Each structure stands twice: as structure tokens, then as C-alpha cells.
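Below: one structure, written as C-alpha cells.
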Amino acid sequence: ASDAIFYYDEAAQSKFQKEKPWANDPHYFKRVKISALALLKMVVHARSGGTIEVMGLMQGKTDGDAIIVMDAFALPVEGTETRVNAQADAYEYMVDYSQTNKQAGRLENVVGWYHSHPGYGCWLSGIDVSTQMLNQQFQEPFLAVVIDPTRTVSAGKVEIGAFRTYPEGYKPPDDPVSEYQTIPLNKIEDFGVHCKQYYALDITYFKSSLDCHLLDLLWNKYWVNTLSSSPLLGNGDYVAGQISDLAEKLEQAENHLAHTRYGPSLMPSHQRKKEEESQLAKITRDSAKITVEQVHGLMSQVIKDILFNSVRQ
Amino acid sequence: MDIEERQAEIIDHFVKQATANKDAALGSIIAEATSHPSLFAFSEILAVPNVAELEGTENTVILDLLRLFAHGTWSDFKSNAGHLPHLVPDQVLKLKQLTVLTLAETNKVLPYDLLMLELDVANVRELEDFLINECMYAGIVRGKLDQLRRCFEVQFAAGRDLRPGQLGSMIQTLSNWLGTSDSLLVSIQEKIKWADTMSELDNKHRKDLEDRVEDVKKSLS
Amino acid sequence: ESSLLRQVSSLLRRLPAIESEKFQDDFMMEYNDTLLITYLAMFTNC
């Protein structure tokens, strides 16, 4: 029964395509289900890009208000900031890949694109938003997934976000409640300006019975690898970047406070109070998050040292 | 496949042969066992009563040879060559392989000079060929040859037969390890309990503070 | 069982897993770095 999700019902899919329920409800799709295979491929690909952004496409189907990602493949391009280039370079590859898939009996269509944000969180930048809006005009249903490989290593869990943009000019009824994440100072503006133009979907994962079997076989190897690696060693640059970013934010907050001190009459006190708290509170939260990840890394090192180095013959 | 799994059948075979033969006939069996390319353990054969009975007889030299292969090294053989039978090339190779295992037991980093001395090897090239072809490919050691620092870094070495009296120290090491692990586990649990207590206290403190702020606001208004 | 004893002996020979001055230096450096970061975080909290 767990493998039923892999069955592709072409008639149902084309019927759904005709009905276009998403056309009159910009918030129609609410959930994303990602297969273990697709997740592994995307994360490994994102990780292989190092500090460069990489991108790829996702294949799958829809099921009511859920988009189901079955598989994913990398595109031979780097950096998504140049949206037009990315398309031109990779277009031929995309078409070939999709057609060959169909011939091989894989009927899923492309249902979205993914790209990486190494070290600066899972959200859509301005150019990402316009890319996604364009895709949603011509290739619906279409999903945008962002993966942060650097934070994945640092936090020890996959940092991933799935998003869909609203139509031009649409005002979402309420503030999008999304999980708090640290945005670097040099990206804050790009994040802030566009963050209301899209919404995050709820992500769940699924595995096939073969996936389960293979992952069981690999479990020991995975566990040994985890045990013998240390996020402290692998992510030194990222942590250094985070701390210098924090320092800049603190600097900015201090300047901001100085201004408000000279002009208290400009802002009503309760709004100013709220403003101060949110800025400083965010900085405090950022620093706590970094510290927690570092302390976790250190704890694992200390435990390993005690377990494997304190025993003498 | 693990070295122990590989040699289990071979050990069974020679134990059966040793059980079925006596005295001088054991000589050829022991010679064959100590020449076998995939056999690096001899304590099971040593434990066969017929073999133990060789002690004090005119065939005691066979037992000494088997003990050499169970616990000894190439240097041991050279210093006792007069009392031991002549070794065929396969036996010499086997003894040198076992010597590497003994050296790996005491050190993780084995200098080339020490290895060349202990194994009677003339040059580095020959030594590295021996380590790669006769030791790594045989699966008895895993490690890295560091040509710059002229040393062999051992990551894994198969266990040799236990020497008399070695069991005690092993048990001691294991119990130390167990003790360390237990105390680590206890301290981790204590830390978890401490963290839970602190977060409860923090939450309580925060709630008290918020209540007081509310009160003050009410009184002000 | 001799085979099991040999395997235990081989495992115990691998302990301690790493024991070198350089490792201790790096380890302590890492330890102190993390303690410093924790200290800074507490400062930020205050």
C-alpha cells in the first residue's frame, strides 16, 4: 500500500490539469510530499555546489491540494541569479530529459524547480519570485523549492522550503506565519521586499518499500559516517560568516537605537519599543541558534573523545 | 569478508585433521597449516589434545613451531632457529605477515625503518610491496602508507592468538571501557535533567515577569 | 571462543582511537572556540 503513491494515473492527472482548481484560489496548493529519492538527489546536488547556487527540476504529480515530487534531476547550470541564462542554457537539456523519461515509461511531468541558497536560508529572492511567477503563468502546477546545504550540515537536519507565489498585485489576507530563520544582513532587503509575494507549503516525505530496504542496508554505514564526522570541522567558514553577520547587525541595531534616542518624539513609544525588541530579539535568537549548533557539535566531539580515547590498554 | 569468517572453515579443516592424527604425522599437518595463505590463527589447533600431547616427546619441535606461529615473530624465529625446523618460503611469508600484526598491536604508526628491521626487508619499495600485496590485499591490516614521513599508519589490524595471561588485561580494559561508558551515560542523563530543570525555572520566571508587567499596566491605567 | 577473543583483542588494540599532541591541541582549540562563542551569546542575551 505504501507504494501506491508511486502509481501515476495519467487520466486523473490530465483531468486535474483541465480543471485548474488553482486558477481561482492562489492559496490552493498547501502541501508538498517529497520522495526519499528526490530529497537525497536534491540535497546531494545542492551540497556539491559548495558556495555556488545550483538548480534542477522536479518531476511528479498532484493529488488534491498536494504536489507530490517523485524525482529530481540537476540542470547543467550554476547560479540562479541570472534567470534568463539559466533557462537558455538548460532548456534543451530539460526537454531531452523529459522526453527520454517518457520513453522510459516515467510518465511524471515537471512539477517544479529547486535551487540552493548555501548558507543564507530557505526563502525566495526577488529574482526567484519573478522566475516562479513566470513558471506559474505558463507551466502550472509548478513549485519552487529552496535547499540550504550549509545549514543542513550545521543543523544536522535538512533545511528546505517549498513555496508558491501569489499572482501579481494579490494581497495575502494575513501575515505569512513561517518558521523563523536567520537572514544575513546583505540579503535582508531582498528577503523583506518580496516575502509577502509567496507563501510556504507544508513539506512531508515518503519512501517506497525498496527505499526502506536500501536505507536499512545503508543504515550502519550512514551511522558510522555520522559518528565519524563533525559539523564543527566542516562548517568553519559558515560559522565565521554567521558571527561577522551578527556583529554587523549589532552595529546596525546600535546605530538605530542612537537615532531613536534623539528623535523619540518622531515615533510613538509603544511602536518604538516594539521595533527595538524585534530587532534585538532577532539578533539574540540568531546568536543563540548559532551557539546551540556549535555546542551540539562540541558535545558530540567530547563524548567521542571520552568513549574512544580515554580507555588505555 | 571479515578475516575471521574467511579462516573459520580452514581452522575447522585442520582441527579435524589434527584430531585424526598423532605424533610425527602431525608434523606435515602443522607445516601445511602454517603455510596456508588464508590462515593467520592457530590457537584452535593448539587446543587439540593430540597436539598438546607432543609436549616432552621427540616431536616437541612441531609444537614449538606451532606456538611460534600462534604468538611469535620473525625475530623470535631467527633467535631460536637452531631449535626449530627449517621454514619453507610460504612459512617465512606467513611469519612475516604475523609479525606485522604483532607490531600493529603495540603501535598505530609503524616507521619504515622498524618494519624493514623486523621483517628483514632490504628497501622501501620491497617493504611497500609486501605491505600492500601480502598484508592489505590479504585483509589482515588496513591503513595508509605515508611515504613522506616513511611510516605505515594502521587503521585496522586483525587480532592474533591470545598469549597466555593476555586475557586478564583484556578483561581489565573492557571493564574500564564499560565503566567509562556508564559514567558518561550517567553524566549525560544528569545534564539532561539539569537542562530540563533550568528551562522550567526560566519559563516560570518569564511568566512571573509577564504577570507583574500586566499588574503594573493595570494599576497605571 | 578463540575467534571472538581475537576480534575483541583487535578492537581493543584500536583504543585509544586517536592520541596525538596535535589532536589534543586542535581539540582544545575547538573547545575553547565554542566556549567563547557561548560566552558571546550570553553577552548578547544580556
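Residue numbers (the numbering used here), protein chains in the order written: chain B, 14 to 326; chain D, 974 to 1194; chain L, 39 to 84.
The C-beta atom is built at its ideal place from N, Cα and C for all residues, glycine as well.
Model, not experiment: these values are computed from the prediction.
For the alpha helix (DSSP H) containing D:V1159, list its first residue and its last residue. Here residue 1159 of chain D is taken as the residue at index 186 of the second sequence, counted from 1. For D:V1159, the enclosing alpha helix (DSSP H) stretches over residues Q1139 to L1193.
Distance check for B:Y251 and D:D1175, CA to CA, integer angstroms please. Here residue 1175 of chain D is taken as the residue at index 202 of the second sequence, counted from 1. Here residue 251 of chain B is taken as the residue at index 238 of the first sequence, counted from 1. Taking the straight line from one Cα to the other gives about 30 Å.
Which residues in chain E have a C-beta closer than 8 Å to the C-beta of D:L1135? List them in chain order. No chain E appears in this structure, whose protein chains are B, D and L.
Name the chain D residues whose beta carbon is nearer than 7 Å to that of B:S323? Counting from one through the first sequence, the residue named residue 323 of chain B turns up at place 310. The contacting residues are T1153.
Quick one: Cα of B:T239 to Cα of D:I1105, how far? Numbered from 1 along the first sequence, position 226 holds the residue referred to as residue 239 of chain B. Numbered from 1 along the second sequence, position 132 holds the residue referred to as residue 1105 of chain D. Using only the alpha carbons, I get a separation of about 29 Å.
Would you kindly check if the distance between the Cβ of B:V123 and the Cβ of B:M71 is under 9 Å? Position 58 of the first sequence, counted from the first residue, corresponds to residue 71 of chain B. Position 110 of the first sequence, counted from the first residue, corresponds to residue 123 of chain B. A contact, by the Cβ cut-off of 9 Å.
So for B:D224, helix, strand or coil by DSSP? Indexing the first sequence from 1 puts residue 224 of chain B at position 211. Residue state, collapsed to three classes: helix.
Starting from B:T178, trace the alpha helix (DSSP H) in both directions and tell me its first and last residue. Translated into the one-based positions of the first sequence, residue 178 of chain B becomes position 165. Per DSSP, B:T178 belongs to no alpha helix (DSSP H); it is in the beta strand (DSSP E), I173 to T178.
Nearest by alpha-carbon distance to B:P162: which of B:S15, B:L156, B:N114 and B:M68 is it? What you label residue 162 of chain B is simply residue 149 of the first sequence in a count that begins at 1. That would be B:M68, whose Cα lies nearest to the Cα of B:P162.
Mapping the DSSP letters down to three states, classify B:S48 as helix, strand or coil. Locating residue 48 of chain B in the first sequence gives position 35, counting from the first residue. B:S48 falls in the strand class under three-state DSSP.
Excluding the five sequence neighbours on either side, which residues of its own chain have a C-beta within less than 7 Å of the C-beta of B:D78, listed in chain order? In the first sequence, counting from the first residue as 1, residue 78 of chain B sits at position 65. The residues are Y41, F42, K43 and R44.
Exposed or buried, what is B:Q307 when buried is set at 16 or more other beta-carbons lying within 10 Å of its beta-carbon? Translated into positions along the first sequence, residue 307 of chain B becomes position 294. Looking at its Cβ environment, which holds 16 or more other Cβ atoms inside 10 Å, B:Q307 is buried.
How would you list, in chain order, the residues of chain L whose beta-carbon sits under 7 Å from the beta-carbon of D:G1045? Within the second sequence, residue 1045 of chain D is the residue found at index 72, counting from 1. Going along chain L, no residue has its Cβ under 7 Å from D:G1045, so there is no contact; the nearest lies around 16 Å.
Out of B:V171, B:A213, B:L120 and B:E153, which has the shortest C-alpha to C-alpha gap to B:S129? Residue 129 of chain B sits at position 116 when you count from the first residue of the first sequence. The shortest Cα separation from B:S129 among B:V171, B:A213, B:L120 and B:E153 belongs to B:V171.
Contact check, D:A1043 vs D:S1016, beta carbons under 9 Å: Counting from one through the second sequence, the residue named residue 1043 of chain D turns up at place 70. Counting from one through the second sequence, the residue named residue 1016 of chain D turns up at place 43. The answer is yes: Cβ separation under 9 Å.
Answer yes or no: does any C-beta atom of chain D fall closer than 9 Å to that of B:I160? Mapped onto the first sequence, residue 160 of chain B falls at position 147. Cβ-Cβ to chain D under 9 Å: no for B:I160.
When the Cα atoms are used, what is the spatial distance from D:E1026 to B:C225? As a working mapping, residue 1026 of chain D is identified with position 53 in the second sequence. As a working mapping, residue 225 of chain B is identified with position 212 in the first sequence. About 56 Å.
Which residues does DSSP pair with B:G69 in a beta bridge? Working through the first sequence from its first residue, we reach residue 69 of chain B at position 56. In DSSP, B:G69 forms a bridge with B:A87 and B:Y127.
Pull up the CB-CB distance for D:L1088 and D:L1100, whole angstroms please, since I reckon it's below 8 Å. Reading the second sequence from its first residue, position 115 is the one you call residue 1088 of chain D. Reading the second sequence from its first residue, position 127 is the one you call residue 1100 of chain D. Contact holds; Cβ gap of about 6 Å.
Whose C-beta lies closer than 6 Å to the C-beta of D:N1226 among residues of the same chain, with five residues either side of it excluded? The requested residue 1226 of chain D is not part of the displayed model; chain D covers only 974 to 1194.
Counting contacts by CB-CB distance shorter than 9 Å, is B:Q326 in contact with chain D? Taking the first sequence and counting its residues from 1, one reaches residue 326 of chain B at position 313. Yes, because at least one Cβ of chain D sits closer than 9 Å to the Cβ of B:Q326.
Suppose contacts are defined by Cβ-Cβ distances below 9 Å. Is D:Y1067 in contact with D:L1135 by that definition? Walking along the second sequence from the start, residue 1067 of chain D turns up at place 94. Walking along the second sequence from the start, residue 1135 of chain D turns up at place 162. Going by the sequence as given, residue 1067 of chain D is Lys instead of Tyr. Taking 9 Å as the Cβ cut-off, D:K1067 and D:L1135 do not qualify as a contacting pair.
Helix, strand or coil for B:V97? Go by DSSP, reduced to three states. By one-based count along the first sequence, residue 97 of chain B stands at place 84. Because the pLDDT at B:V97 is just 43, under 50, the model does not fix this residue reliably, and the point stays unresolved.
Please list the partners that L:L73 has in chain D, where partner means a Cβ-to-Cβ separation under 8 Å. Counted from its first residue, the third sequence places residue 73 of chain L at position 35. Residues of chain D passing the Cβ test: none, with the nearest at roughly 16 Å.
I want to know whether the stretch 1120-1133 of chain D touches the stretch 1062-1077 of chain D - three or more CB-CB distances under 8 Å. Under the three-pair Cβ rule at 8 Å, the stretch 1120-1133 of chain D counts as touching the stretch 1062-1077 of chain D.
Kindly list the residues whose CB is nearer than 6 Å to the CB of B:S278, restricted to its own chain and excluding five residues on each side of it in sequence; keep chain order. Indexing the first sequence from 1 puts residue 278 of chain B at position 265. Any answer about B:S278 is weak, because its pLDDT of 49 lies below 50 and its placement is not dependable; what the coordinates show is given next. So no residue of the chain qualifies.
Contact set between D:L1157 and chain B, taken where Cβ atoms lie within less than 8 Å: Here residue 1157 of chain D corresponds to residue number 184 of the second sequence, with the count starting at 1. Ordered by position in chain B, the residues that pass the 8 Å Cβ test against D:L1157 are I316, I319 and L320.
Using the beta-carbon of each residue, which ones in chain B are nearer than 7 Å to D:W1150? Taking the second sequence and counting its residues from 1, one reaches residue 1150 of chain D at position 177. Those within 7 Å of D:W1150 in chain B are V324.
D:S1142 at chain B interface by Cβ criterion, 9 Å: If you number the second sequence from 1, residue 1142 of chain D lands on position 169. Output row for D:S1142: interface = yes.
Using a Cβ cut-off of 7 Å, which residues of the stretch 1004-1027 of chain D contact any Cβ in chain L, in chain order? Taking a C-beta cut-off of 7 Å against chain L, the contacting residues of the stretch 1004-1027 of chain D are A1014, S1016 and E1017, listed in chain order.
When DSSP labels each residue in this structure, what does D:G1055 get in the three-state scheme? If you number the second sequence from 1, residue 1055 of chain D lands on position 82. D:G1055 falls in the helix class under three-state DSSP.
Limits of the beta strand (DSSP E) - the one that B:K33 falls within: Your numbering for residue 33 of chain B matches position 20 in the first sequence. Careful: B:K33 lies outside any beta strand (DSSP E) and carries neither H nor E.
For chain B, is any of its Cβ atoms less than 9 Å away from the one on L:E68? Numbered from its first residue, the third sequence carries residue 68 of chain L at position 30. Interface residue, yes.
Looking at C-beta atoms only, is the number of pairs between the stretch 196-212 of chain B and the stretch 127-144 of chain B that lie closer than 8 Å three or more? yes
Compare the C-beta of D:I1165 with all C-beta atoms of chain B and state if any pair is closer than 9 Å. Taking the first residue of the second sequence as 1, we reach residue 1165 of chain D at position 192. False, the Cβ-Cβ gap to chain B never drops below 9 Å.
Can you tell me where the beta strand (DSSP E) holding D:Q1128 begins and where it ends? Here residue 1128 of chain D refers to the residue found at position 155 of the second sequence. Counting along the chain, the beta strand (DSSP E) containing D:Q1128 begins and ends at C1124 to A1130.
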